[in-house]
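**Student:**
There are 2 protein chains.
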Amino acid sequence: MGRPSARERKPYNIDALLDVAVRVFLRRGYDGASLDQVAAAAGITKASIYYHVDGKEALLKLGVARALDALFAVLDEPAAREGRALTRLRHVVRRTVEITVARLPEVALLLRVRGNTETERWVLDQRRRFDRLIAEIVAEAQAGGELRRDIDAALATRLLFGMLNSITEWYRPEGGMGGEEIAEAAIKIAFEGLR
Amino acid sequence: MGRPSARERKPYNIDALLDVAVRVFLRRGYDGASLDQVAAAAGITKASIYYHVDGKEALLKLGVARALDALFAVLDEPAAREGRALTRLRHVVRRTVEITVARLPEVALLLRVRGNTETERWVLDQRRRFDRLIAEIVAEAQAGGELRRDIDAALATRLLFGMLNSITEWYRPEGGMGGEEIAEAAIKIAFEGLR
Numbered sequence: 049m050g051r052p053s054a055r056e057r058k059p060y061n062i063d064a065l066l067d068v069a070v071r072v073f074l075r076r077g078y079d080g081a082s083l084d085q086v087a088a089a090a091g092i093t094k095a096s097i098y099y100h101v102d103g104k105e106a107l108l109k110l111g112v113a114r115a116l117d118a119l120f121a122v123l124d125e126p127a128a129r130e131g132r133a134l135t136r137l138r139h140v141v142r143r144t145v146e147i148t149v150a151r152l153p154e155v156a157l158l159l160r161v162r163g164n165t166e167t168e169r170w171v172l173d174q175r176r177r178f179d180r181l182i183a184e185i186v187a188e189a190q191a192g193g194e195l196r197r198d199i200d201a202a203l204a205t206r207l208l209f210g211m212l213n214s215i216t217e218w219y220r221p222e223g224g225m226g227g228e229e230i231a232e233a234a235i236k237i238a239f240e241g242l243r
Numbered sequence: 049m050g051r052p053s054a055r056e057r058k059p060y061n062i063d064a065l066l067d068v069a070v071r072v073f074l075r076r077g078y079d080g081a082s083l084d085q086v087a088a089a090a091g092i093t094k095a096s097i098y099y100h101v102d103g104k105e106a107l108l109k110l111g112v113a114r115a116l117d118a119l120f121a122v123l124d125e126p127a128a129r130e131g132r133a134l135t136r137l138r139h140v141v142r143r144t145v146e147i148t149v150a151r152l153p154e155v156a157l158l159l160r161v162r163g164n165t166e167t168e169r170w171v172l173d174q175r176r177r178f179d180r181l182i183a184e185i186v187a188e189a190q191a192g193g194e195l196r197r198d199i200d201a202a203l204a205t206r207l208l209f210g211m212l213n214s215i216t217e218w219y220r221p222e223g224g225m226g227g228e229e230i231a232e233a234a235i236k237i238a239f240e241g242l243r
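For the protein sequence lines, the chains are A and B, in the order given. The first sequence begins at 49 in our numbering and counts up one residue at a time. The second sequence begins at 49 in our numbering and counts up one residue at a time.
(1) Buried or exposed: which applies to ASN61 (chain B), given that a residue is buried once 16 or more other Cβ atoms fall within 10 Å of its Cβ?
(2) To the nearest angstrom, how far is it from the Cα of ALA233 (chain A) to the Cα of GLY227 (chain A)?
(3) Please confirm whether ALA115 (chain B) and VAL155 (chain B) have their CB atoms less than 9 angstroms apart.
(4) Please name the residue in B:GLU168, B:LEU119, B:ASP124, B:ASN164 whose C-alpha comes closest to that of ILE147 (chain B).
(5) Look at the alpha carbon of ASP67 (chain A) and the alpha carbon of GLY111 (chain A), and state the distance between them as a whole number of angstroms.
(6) Let me know the secondary structure DSSP gives LEU242 (chain A) once reduced to three states.
(7) Within 9 angstroms of any Cβ in chain A, is that where the Cβ of PHE239 (chain B) sits?
(8) Using the rule of at least 16 other Cβ atoms within 10 Å of the residue's Cβ for burial, across every protein chain shown, is GLY77 (chain B) buried or exposed?
(9) Could you have a look at ALA81 (chain A) and say whether DSSP puts it in helix, strand or coil?
(10) Kindly list, in the order they appear in chain B, the residues whose Cβ is closer than 9 angstroms to that of ILE147 (chain A).
(11) Please confirm whether ILE215 (chain B) and ILE230 (chain B) have their CB atoms less than 9 angstroms apart.
(12) Here's the rule I'm using: 16 or more other beta-carbon atoms within 10 Å means buried, otherwise exposed. How should GLY163 (chain A) be labelled?
(13) Quick one: what's got a C-beta closer than 8 angstroms to GLY210 (chain A)'s C-beta in the same chain, skipping five residues either side?
(14) Within this structure, are the beta carbons of GLU166 (chain A) and GLU105 (chain A) separated by less than 9 angstroms?
(15) What did DSSP end up calling MET49 (chain A) once you bin it into helix, strand or coil?
(16) Just by C-beta distance, which residues in the stretch 209 to 229 of chain B are closer than 9 angstroms to chain A?
(17) In chain A, which residues lie less than 7 angstroms from LEU65 (chain B) when you measure between Cβ atoms?
(18) Would you say ARG162 (chain B) reaches chain A, if we count a Cβ-Cβ gap shorter than 9 angstroms as a contact?
(19) Just to make sure I have the definition right: I need the residues of chain A whose C-beta is within less than 7 angstroms of the C-beta of ASP249 (chain B). Which are they?
(20) Three-state secondary structure (DSSP) at THR135 (chain A)?
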């Protein structure tokens, strides 16, 4: 999945500019990062950034949308809509890991948004909407006797996706491990446990 | 567990100043936060901060040490040192959740440190040291046939503690759920799975 690093190509279009902006936001924190730093990292002027977007919040929204669009698209896939709830949940877990590994910086940024600006609060709303849709599948699997019922569905969802989301904190593509291996391990732990 | 909020008491001593600093670092991001913001939130002058500490990095180190000291102390507890590896691992998982809930801001800050300064890199080193010690217990439990061996010990540790660490992202003390309920759910999922 390796996409070219920020330094390997000129950010002369919005996609390349977003690649750079996402990395600067991750490195400095969104609050701590300035458009000047994004411009410097991109090797262009701040005026050039304003040619593409309205400012820092627009860069955040577009960057995070790469992750959000991919994650919500999973819920529209046939395997996430048809069949038994547990099978659908497994599919969503596997695809979430795949997207996290393929879109590592964007998913990491999505998860680090705090809520200090209107755009950040919009992002948090989207995250909550995604969590609710997953919790519904978990509750359905519990109601159908496919998952244990002695753990609250919302709590189980948070712990399960907490495990998946942690990938953004420790996964390094150059480490040799693939998304497939991580997805397999996560599915085993989540549904069968470590024992 | 509820400690008084930053606004409820004057930060006239180092402990109270740290309470405020940790919260400001969390809200603005450590990189984005300034000593001026800490001073304003504490209702004291920047000179008063320098009476207590050398500066922003010292505040980070002392704040994060609250979490690190508590977590490393768990590994010295008899229940983490004596007995079967799986029993010890369960104990460490349960105590990690307890500490995360009791020291929520400090553990959250610990997990959000990025590594832009010498202190932050020291924090990352401590986190890696803790992870290695846990991975050793996981590997021991695998070697003894107490845990499944088809998942790499380091990967299993990362996913397991990723799940626990996620508590800092979604737990709200005012939500009514206690650390005990979360610890029970996390132990069930981790060792038995959701099925």
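Glycine included, C-beta positions come from ideal geometry on N, C-alpha and C.
**Tutor:** Well, looking at it:
(1) By 1-based counting over the second sequence, the position of residue 61 (chain B) is 13. Per the 10 Å Cβ criterion, exposed.
(2) Position 185 of the first sequence, counted from the start, is the residue given in the question as residue 233 (chain A). Position 179 of the first sequence, counted from the start, is the residue given in the question as residue 227 (chain A). Going by the C-alpha atoms only, they are around 10 angstroms apart.
(3) Residue mapping note: residue 115 (chain B) aligns to position 67 of the second sequence, counting from 1. Residue mapping note: residue 155 (chain B) aligns to position 107 of the second sequence, counting from 1. The answer is yes: Cβ separation under 9 angstroms.
(4) Taking the second sequence and counting its residues from 1, one reaches residue 147 (chain B) at position 99. The shortest Cα separation from ILE147 (chain B) among B:GLU168, B:LEU119, B:ASP124, B:ASN164 belongs to B:LEU119.
(5) For this step, residue 67 (chain A) is matched to residue 19 along the first sequence. For this step, residue 111 (chain A) is matched to residue 63 along the first sequence. Their backbone Cα atoms lie some 8 angstroms apart in a straight line.
(6) For the purposes of this step, residue 242 (chain A) is taken as the residue at position 194 of the first sequence. It is coil, neither helix nor strand.
(7) Residue 239 (chain B) sits at position 191 when you count from the first residue of the second sequence. It does; some Cβ of chain A falls within 9 angstroms.
(8) Looking up residue 77 (chain B) in the second sequence gives position 29. The residue is buried, with at least 16 neighbouring Cβ atoms inside 10 Å.
(9) Position 33 of the first sequence, counted from the start, is the residue given in the question as residue 81 (chain A). Reduced to three states, the DSSP call for ALA81 (chain A) is coil.
(10) Looking up residue 147 (chain A) in the first sequence gives position 99. Taking the beta carbon of ILE147 (chain A) as reference, no residue of chain B falls within 9 angstroms; the closest one sits roughly 16 angstroms away.
(11) For the purposes of this step, residue 215 (chain B) is taken as residue 167 along the second sequence, with counting starting at 1. For the purposes of this step, residue 230 (chain B) is taken as residue 182 along the second sequence, with counting starting at 1. Taking C-beta atoms as the reference points, ILE215 (chain B) and ILE230 (chain B) count as a pair closer than 9 angstroms.
(12) Indexing the first sequence from 1 puts residue 163 (chain A) at position 115. GLY163 (chain A) is exposed by the Cβ-count criterion.
(13) Position 162 of the first sequence, counting from 1, holds the residue named residue 210 (chain A). Closer than 8 angstroms at the Cβ level, and outside the excluded window around GLY210 (chain A), lies no residue.
(14) Mapped onto the first sequence, residue 166 (chain A) falls at position 118. Mapped onto the first sequence, residue 105 (chain A) falls at position 57. It is a contact, given that the beta carbons lie within the stated cut-off.
(15) For this step, residue 49 (chain A) is matched to residue 1 along the first sequence. With a pLDDT of 42 at MET49 (chain A), under the threshold of 50, the predicted position of this residue should be treated as unreliable, and no value is reported.
(16) Correct list: PHE209, GLY210, MET211, LEU212, ASN213, SER214, ILE215, GLU217, TRP218, TYR219, MET225, GLU229.
(17) For this step, residue 65 (chain B) is matched to residue 17 along the second sequence. Close to LEU65 (chain B), with beta-carbon spacing below 7 angstroms, lies no residue of chain A; the smallest spacing is near 21 angstroms.
(18) As a first step, residue 162 (chain B) is located in the second sequence; it is residue number 114 there, counting from the start. Interface with chain A (9 angstroms Cβ-Cβ cutoff): ARG162 (chain B) is included.
(19) For chain B, the structure presents residues 49 to 243; residue 249 (chain B) sits outside this window and is missing.
(20) The sequence position of residue 135 (chain A) within the first sequence is 87, counting from 1. Of the three classes helix, strand and coil, the one that applies to THR135 (chain A) here is helix, per DSSP.
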